[in-house]
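Residue numbers (my numbering), protein chains in the order written: chain B, 753 to 1013; chain U, 753 to 1013; chain R, 753 to 1013.
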Amino acid sequence: MVAESGRIVTLTTDFGQRDPYVGVVKGVILSRFPQALIVDLNHEIPPFDIIAGAWSLKISLPYFKSGAVHIVVVDPGVGSQQRRIALELDDGIILAPDNGITTPFIENAKRAYSLEKPRFFLDSVSKTFHARDIFAPVAAHLLSGTPLKELAVEVDKNSISRIEGLEPKVEPGLTEGMVVYVDRYGNLLTNIEAEIKPRIKEILISNQSLKIANGSYDTIDDGHAQVLCGSHGYLEIAARQASAQDILKVRCGEKVRILTD
Amino acid sequence: MVAESGRIVTLTTDFGQRDPYVGVVKGVILSRFPQALIVDLNHEIPPFDIIAGAWSLKISLPYFKSGAVHIVVVDPGVGSQQRRIALELDDGIILAPDNGITTPFIENAKRAYSLEKPRFFLDSVSKTFHARDIFAPVAAHLLSGTPLKELAVEVDKNSISRIEGLEPKVEPGLTEGMVVYVDRYGNLLTNIEAEIKPRIKEILISNQSLKIANGSYDTIDDGHAQVLCGSHGYLEIAARQASAQDILKVRCGEKVRILTD
Amino acid sequence: MVAESGRIVTLTTDFGQRDPYVGVVKGVILSRFPQALIVDLNHEIPPFDIIAGAWSLKISLPYFKSGAVHIVVVDPGVGSQQRRIALELDDGIILAPDNGITTPFIENAKRAYSLEKPRFFLDSVSKTFHARDIFAPVAAHLLSGTPLKELAVEVDKNSISRIEGLEPKVEPGLTEGMVVYVDRYGNLLTNIEAEIKPRIKEILISNQSLKIANGSYDTIDDGHAQVLCGSHGYLEIAARQASAQDILKVRCGEKVRILTD
């Protein structure tokens, strides 16, 4: 009998959902470990957008219980010499390309590994579909009980690539963060923790000063983009039944400056 | 051992599939009740479109067996004082905001409840993500066997909000319904039962008179939007390998008038 | 206890994911066979695109283990007299309309069947939703152990419809294939096996001559569409962090001509 805690695999990719790629990855996992419980976390990371991928993981993984395996594939460098890595967390394992997308988890990771033992991959590894050929079979091995240290080669966790600026820069009187995710509704998620809210004197994005909403979406003035405490514990720029992105014309990566008391 | 009938949770939302929100809801459910069998019913309800959400539920729920829990989140008023409710049906339970989206099920509901016992929610309830913080943990409690009457406070089912006009208005010689759902193909689903078909003298939408197709999509004249009996038992306005919505330029909520014998 | 090998049902459709249609099909299957493990292979086959549907199946099914049931619904002729068929493979069963979409599997199929026994369908079969009314209940019967020969009527496998040109035409010095699938990234998948690569003298599409990339996507010259060996074992036309389709302005079905040594 398999422990329930060790049955979950989550998928975070930029594959979209209009191709069979995600389904094939699931086929590979289920053909090797049929009790797997696969959860689609996000397949619509904008192609090659490492920041949005990192943030999507950051706000999602805390809701999964201990023992889950998280496959992450946002991978502009697929087929290059870039490493495929595994990050061992207190409560799960991330399998990902070494391109910075695991940045939010490196500090607290217990150990880091490089996936470089072909005997745990599919027999034939393509140059462009490592989710199917490497991550899926390795995830199945993990669920089957093979320890990570047998599947992969331990590396210094400080050798793992990081995204610059994913943590906001805090100076006296000024906090400088950025838009780290734009969701379907056009809400702009920032990397600035919501607890800053009572100290905000002014909040600026793209040379525009934003008002702070009192409560939830329904307290935002019609036609305006305003700031509220998002459901993930960070400041969020939103509009009422409208897209803050359309109103402000900004994108993921845009700087957000907050003048504080 | 869990009875199979009590393992299914369906999800109907306007979250889209391009963000991690749906996956997080699944994480919360599976972390509490790992045997859950979660079925995505519809995550592409147009944002805030209560009518489309209600109709999507109406044509879907009959295909699920007894004991399923249906989570519904199309929620323009999230964060306002609007209640979160549970509707106990003969063959399942709906968890939803009290904004009219459960209209098709109120009449036959056995009991209605208000979800207002925070001890069954996540420890920290955000203002904007009740699917994760309220509905998901309550669904997990239901699957785990906690009775609804313990999880929630019973309320008068006549106090539940309803959508006006979701039932067509029938007068002698005239039936007035509306477009209640537009699907991916541009088919316009109406709320008028197909059994009216032999009595139709004329069918009008947006000042245009429509022809009635004899059979299925392949009997529709090329380039025209025509009326047929949809697969859900209601009249549907469709085109042959084309979008009836594009041809007629109408939207969800548009009136449909039928002159009858 | 159910053998794991016989629990998987895959779904390949042109239903999209913005309607409850896929969820309803799952409801029908799970209500009859609750242990089913349903994998979404592809719901975004362009409406009515039989070639893309056939190719999506061809590159996906090898990754599923023996015993899976594959439901396929890309069905411009739904409701016409077209047969609903079942193809028995060495390692699985395909349920599909008889419109050519099973072309890649006919040659090696063990037997072919026509689904024409209404007692195994839903009580009421609509004219337009055979995935729900026919394929889903038949799949549930198969998983439950009813043999295909009892559920359907055997037919000559040579009577099954085929797509013309899905196999490339090979002449001395010239191989003529086509674009058989365009994916989310705008990669153009062809039906020409990658092993031809060392013998290519020139490759032409839409009157343009393409360069051959040395390795993976990152070896493609910026702003150009070039040819590489795709992850499925066939030639693929791709661009670097860009869409080859946008660059070349071609579509599924476009001819690809290769002059060879």
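Idealized CB from N, CA, C, for every residue including glycine.
Residue 929 of chain R: member of the beta strand (DSSP E) spanning 926-934, first to last residue.
Along the segment 779-809 of chain B, the positions whose C-beta sits under 7 Å from a C-beta of chain R are 779, 780, 782, 783, 786, 799, 800, read in chain order. At the C-beta level, residue 861 of chain U and residue 847 of chain U stay beyond 8 Å of one another.
In this structure, residue 793 of chain R lies near residue 775 of chain B, with their beta-carbon atoms less than 8 Å apart.
U:988 is the residue among U:845, U:828, U:844, U:988 whose C-alpha sits nearest the C-alpha of residue 943 of chain U.
A residue is called buried once 16 or more other Cβ atoms fall within 10 Å of its Cβ, and residue 896 of chain R, having fewer, is exposed. Rounded to the nearest whole angstrom, the CA to CA distance from residue 891 of chain U to residue 786 of chain U is 12 Å. The segment 910-920 of chain B makes contact with the segment 791-811 of chain B: 3 or more CB pairs, one atom from each, lie closer than 8 Å. Per DSSP, reduced to three states, the secondary structure at residue 1002 of chain U is coil, with no helix or strand assignment. Contact annotation for residue 817 of chain R against chain B: 779, 782, 783, 784, 786 [CB-CB distance below 9 Å, chain order]. Of R:820, R:877, R:812, the smallest CA-CA separation from residue 761 of chain R is found for R:820.
The straight-line gap separating the alpha-carbon atoms of residue 788 of chain R and residue 959 of chain R is approximately 49 Å. In this structure, the straight-line span from the alpha carbon of residue 836 of chain U to that of residue 889 of chain U is close to 13 Å. The residues 839, 841, 846, in chain order, have a CB closer than 7 Å to that of residue 857 of chain U in the same chain once the five nearest residues on each side in sequence are set aside. Listed in chain order, the positions of the segment 969-984 of chain B with a beta carbon within less than 9 Å of a beta carbon of chain U are 969, 970, 971, 980, 981, 982, 983, 984. Between the alpha carbons of residue 825 of chain U and residue 765 of chain U lies a distance of about 5 Å. Under the Cβ distance rule, residue 879 of chain R counts among the residues neighbouring chain U, one pair being separated by less than 8 Å. The segment 927-934 of chain R makes contact with the segment 999-1009 of chain R: 3 or more CB pairs, one atom from each, lie closer than 8 Å. The residue among R:813, R:870, R:903 with its C-alpha nearest the C-alpha of residue 780 of chain B is R:813. Within the segment 755-770 of chain B, those residues whose Cβ lies closer than 9 Å to any Cβ of chain R are, in chain order, 766, 767, 768, 769, 770.
Runs of the beta strand (DSSP E) lying entirely within the segment 847-906 of chain B and spanning at least 3 residues, in chain order: 863-866.
In terms of Cβ geometry, residue 1012 of chain B and residue 964 of chain B do not form a close pair [threshold 8 Å]. Residue 982 of chain U is not a Cβ neighbour of residue 945 of chain U, given a cutoff of 8 Å. Just measuring C-alpha positions, the residue of R:782, R:911, R:869 sitting nearest residue 855 of chain R is R:911.
Distance from residue 849 of chain U to residue 834 of chain U at the Cβ level is roughly 6 Å; contact confirmed, criterion being Cβ atoms closer than 8 Å.
For residue 955 of chain R, the three-state secondary structure derived from DSSP is strand. About 7 Å separates the CB atoms of residue 851 of chain B and residue 827 of chain B; that is less than 8 Å, so the two are in contact. Taking 8 Å as the cut-off, the beta carbon of residue 823 of chain U is found closer than this to the beta carbon of residue 883 of chain U. Leaving aside the five residues that flank residue 933 of chain B on each side, the residues in its chain whose CB is nearer than 7 Å to its CB run, in chain order, 804, 807, 808, 941, 1004.
The three-state reading of DSSP puts residue 909 of chain R in helix, counting H, G and I together. The residues 905, in chain order, have a CB closer than 6 Å to that of residue 868 of chain U in the same chain once the five nearest residues on each side in sequence are set aside. DSSP lists R:820, R:841 as the bridge partner or partners of residue 844 of chain R. Excluding residues up to 5 positions away in sequence, 965, 978, 980, 990, 991, 992 lie with their Cβ nearer than 8 Å to the Cβ of residue 972 of chain R in the same chain. Counted as a single uninterrupted DSSP element, the beta strand (DSSP E) harbouring residue 793 of chain B occupies residues 789-794. When C-alpha distances from residue 957 of chain R are compared across R:931, R:913, R:950, the shortest belongs to R:931.
Counting other Cβ atoms within 10 Å of its Cβ, residue 880 of chain B reaches 16 or more and is therefore classed as buried.
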